[in-house]
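These notes are about the structure you will find just below.
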Amino acid sequence: MSGATSTQAVARPAPFEVERVRREFPILAQRVHGKPLAYLDSAATSQKPQSVVDAMSRYYLHDNANVHRGVYQLAERATAAYEGARERVARYLGAADPREIVFVRGTTEAVNLVAQAFGRQNVGPGDEVLITGMEHHSNIVPWYMLAQEKGARLVVAPLDDRGVLEVDELERRIGPRTRLVAVTHVSNTLGTVNPVRRIVEAAHAHGVPVLLDGAQAVPHFRVDVREMGCDFYAFSGHKLFGPTGIGVLYGKAALLDAMPPWQGGGDMILSVTFERVLYNRIPYKLEAGTPDIAGAVGLGAAVDWLQRLDWAGAQAHERDLLAYATARLSEIPGLRIIGTAPDKVSVISFVLEGVHPHDIGTILDREGVAVRVGHHCTQPLMQRFGVPATARASLAFYNTREEIDALATGLGRVREVFR
Amino acid sequence: MSELQDLYQEVILDHGRNPRNFRRIEKPTAEAEGLNPLCGDHYHVYLRLDGDRIADVSFEGAGCAISKASASLMTSTLKGKTVAEAKETFERFQRMVVEGDRAQAQSLGKLAVLKGVCDFPTRVKCASLVWHTLQSALKGEEKPVSTE
Chain V
1 MSGATSTQAV
11 ARPAPFEVER
21 VRREFPILAQ
31 RVHGKPLAYL
41 DSAATSQKPQ
51 SVVDAMSRYY
61 LHDNANVHRG
71 VYQLAERATA
81 AYEGARERVA
91 RYLGAADPRE
101 IVFVRGTTEA
111 VNLVAQAFGR
121 QNVGPGDEVL
131 ITGMEHHSNI
141 VPWYMLAQEK
151 GARLVVAPLD
161 DRGVLEVDEL
171 ERRIGPRTRL
181 VAVTHVSNTL
191 GTVNPVRRIV
201 EAAHAHGVPV
211 LLDGAQAVPH
221 FRVDVREMGC
231 DFYAFSGHKL
241 FGPTGIGVLY
251 GKAALLDAMP
261 PWQGGGDMIL
271 SVTFERVLYN
281 RIPYKLEAGT
291 PDIAGAVGLG
301 AAVDWLQRLD
311 WAGAQAHERD
321 LLAYATARLS
331 EIPGLRIIGT
341 APDKVSVISF
351 VLEGVHPHDI
361 GTILDREGVA
371 VRVGHHCTQP
381 LMQRFGVPAT
391 ARASLAFYNT
401 REEIDALATG
411 LGRVREVFR
Chain L
420 MSELQDLYQE
430 VILDHGRNPR
440 NFRRIEKPTA
450 EAEGLNPLCG
460 DHYHVYLRLD
470 GDRIADVSFE
480 GAGCAISKAS
490 ASLMTSTLKG
500 KTVAEAKETF
510 ERFQRMVVEG
520 DRAQAQSLGK
530 LAVLKGVCDF
540 PTRVKCASLV
550 WHTLQSALKG
560 EEKPVSTE
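Given below as structure tokens:
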């Protein structure tokens, strides 16, 4: 495809063919309760292309062995596969060095790692960790726990009624006691895209490092950690069309180097005596125990697949879906969309007057439409908008307008039942 | 679609919209809090006992149609019953909605309208939440009940 665009400069790029993309995600072609599945819950977890499943299956069928220690051929192959995945992820994120990629279980573990290793070393009594009002619980609770332990304070930057971060307010809250700014790149509930370059610049002007929770950003657009300038970037493989159980913490080498280990065990040491332990270099210092090797292989395959994706086409398609879904849902009487930031990804949270989101979810399921209902692990955000829960349709490039139609039809059915 | 109609029967929708005994009891003998962290359902159940008889039982809170209807029907059914009768009713109710033993419906009176819940495994917790909360109140537990 890249060959075609470079040699035929005058030809228009092929339009994004969603049906061709969908064929690579076999799970999507099924019926649920007799209706075609409309999977609108990719923010919870994305579906996986065949190539990811194949890579993991190939690994287990042909290469499985433990990494970093065997002298036999299988162990060499397993190590090469695992480290190869690290290199591919590093390249994909624009990291300067594969050593800056720490494999973890997911975004939650990545944030906990930073809280436990960097946080416990650098945050003391009276110090502050600055977050925002739209954080997922996984970017609140680790900092709350750290603050409780250290006598530190959690400071929260507010949002406006559209769900846009008030960046001026955030900047005002960066002070002499701020030890870290931990902000989501994209809100999992609202879809809001935060101005991360500006946040990083503001924090760095005060010498404060920045952690970005990229879990909801990476499925929607390419990110470049060096361009953003962030110090830490966390995301989960399973939201990036890869497997569950594997995730990534990117950290600048100097910061990772200076951090103490957070879990002790095998692989993270150079030598052990009862009197003295020498820790391994990064990233191994931060990866105790046998890692999720197959998961890393799967994530590497997902990254390979995404390297081949027509991102411009995929993003245009998602923008179209978001505009279409917003318009269709806005026609439904009593429906209110929560999160109307001008810069947002294709995530649409909504409430329907007189109907609890949980009941919406059950009725939509019978129409083959899979949405998430609840507080989406953002209870403070629910409070901010005065709702106990929302229903959320979250889209990926493999969704279609027909699936949005199924959602709208299903919501009509909800209104019939709750007439 | 019949399962859906079975779940959202008119009686359930009515109790969800206009819950009975939806109020606080001042100076209750016992009370308990129940929450479903998954969907954010959150209820308080209040109890006034006269000896071993439930003189009054009520609830407050927010949640889906199923959980609210279940609370409304539970409080209506149990008022005036003994604690032992309430426990027996709870067990039969659980057999109906969790195990799908529809035969229990015959002896459960108005509560029988909730029998369709067993076809929706993800909603069983909604129907059960206030019942577990009531059990907690009867046992005098202080920690909130959670369905997780």
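Same order as they appear, the protein sequences are chains V and L. Heads up, the first sequence stops at 419 in my numbering, and the numbers go up one at a time, no gaps. Heads up, the second sequence stops at 567 in my numbering, and the numbers go up one at a time, no gaps. C-beta: ideal position from N, C-alpha, C; glycine also.
- Between the alpha carbons of V/Val-186 and V/Leu-335 lies a gap of roughly 23 Å.
- Per DSSP, V/Gly-295 is one residue of the alpha helix (DSSP H) stretching across 293-308.
- For V/Ile-140, the nearest beta carbon of chain L is not closer than 8 Å to its own beta carbon.
- Of the candidates V/Val-223, V/Val-18, V/Val-183, V/Lys-35, V/Lys-35 places its Cα closest to the Cα of V/Asp-365.
- In the same chain as V/Asp-41, and ignoring 5 residues on each side of it, the C-beta atoms closer than 7 Å to its own belong to Ala-370, Val-371, Arg-372, Ser-394, in chain order.
- Assignment of alpha helix (DSSP H) within the stretch 173-238 of chain V, counting only whole runs of 4 or more residues, yields 196-205, 225-228 in chain order.
- Residue contact with chain L for V/Thr-378: absent (no Cβ-Cβ distance below 8 Å to any residue of chain L).
- In this structure, the beta-carbon distance from V/Ala-217 to V/Val-225 does not fall below 8 Å.
- Residues of the stretch 29-56 of chain V with a C-beta atom less than 7 Å from some C-beta of chain L do not occur.
- Taking 8 Å as the upper bound for CB-CB distance, V/Leu-159 and V/Met-134 are in contact here, some 6 Å apart.
- In the structure shown, V/Tyr-82 adopts helical secondary structure according to DSSP, grouped into three states.
- The beta carbon of V/Glu-100 lies closer than 7 Å to those of Ala-90, Tyr-250, Gly-251, Lys-252, Ala-253, Leu-256 in the same chain, with the five residues before and after it left out.
- With its beta carbon less than 8 Å from one in chain L, V/Asp-359 belongs to the interface.
- The stretch 469-488 of chain L makes contact with the stretch 498-515 of chain L; the number of CB pairs closer than 8 Å reaches 3 or more.
- Taking a beta-carbon distance threshold of 8 Å, L/Ala-484 counts as an interface residue toward chain V.
- Look at the stretch 479-507 of chain L: the residues with a C-beta under 9 Å from a C-beta of chain V are Ala-481, Gly-482, Cys-483, Ala-484, Ile-485, Ser-486, Lys-487.
- A Cβ of chain L is located within less than 8 Å of the beta carbon of V/Val-417.
- As the crow flies, the alpha-carbon of V/Arg-308 is around 12 Å from that of V/Ser-51.
- Close CB contacts of L/Gly-535 within its chain, under the 6 Å cut and outside five residues either way in sequence, are with Asp-425, Leu-426 (chain order).
- Per DSSP, V/Glu-353 lies in no alpha helix (DSSP H) segment and is marked neither H nor E.
- The C-beta distance from V/Gly-289 to V/Ile-246 rounds to 14 Å, too long to meet the 8 Å contact threshold.
- Residues of the same chain with a CB within less than 8 Å of the CB of V/Leu-28, apart from the 5 flanking positions on each side, are Arg-22, Leu-37, Tyr-39, Gln-47, Tyr-398 in chain order.
- Closer than 8 Å to the CB of V/Gly-133 there is not a single CB belonging to chain L.
- Note that the stretch 100-112 of chain V does not touch the stretch 200-207 of chain V; fewer than 3 beta-carbon pairs, one per stretch, sit closer than 8 Å.
- Under the DSSP definition of a beta bridge, L/Leu-466 partners with L/Ala-449, L/Val-476.
- By the rule that beta-carbons nearer than 8 Å mark a contact, L/Cys-545 touches chain V.
- The beta carbon of L/Gly-453 does not come within 8 Å of any beta carbon belonging to chain V, so the residue lies off that interface.
- By the criterion of at least three beta-carbon pairs nearer than 8 Å, the stretch 478-497 of chain L is in contact with the stretch 439-449 of chain L.
- Boundaries of the beta strand (DSSP E) harbouring V/Thr-390: 390-394, taken from the DSSP string.
- Annotation for L/Lys-544: Asn-455, Thr-566 place their beta carbon closer than 7 Å to its own, counting only its chain and skipping 5 residues before and after.
- In the three-state reduction of the DSSP assignment, V/Lys-344 falls in the strand class, which pools E and B.
- Distance from the Cα of V/Arg-415 is smallest, within the candidate group V/His-206, V/Ile-269, V/Ile-332, for V/Ile-332.
- Residue contact with chain V for L/Phe-441: absent (no Cβ-Cβ distance below 8 Å to any residue of chain V).
- Here L/Asp-460 is bridged, per DSSP, to L/Asn-455.
- When DSSP assignments are scanned along the stretch 32-120 of chain V, the uninterrupted stretches of alpha helix (DSSP H) that are 4 or more residues long and fall wholly within it turn out to be 50-58, 73-93, 107-113.
- Within chain L, the residues placing a beta-carbon under 7 Å from that of V/Val-373 are Cys-458, ordered along the chain.
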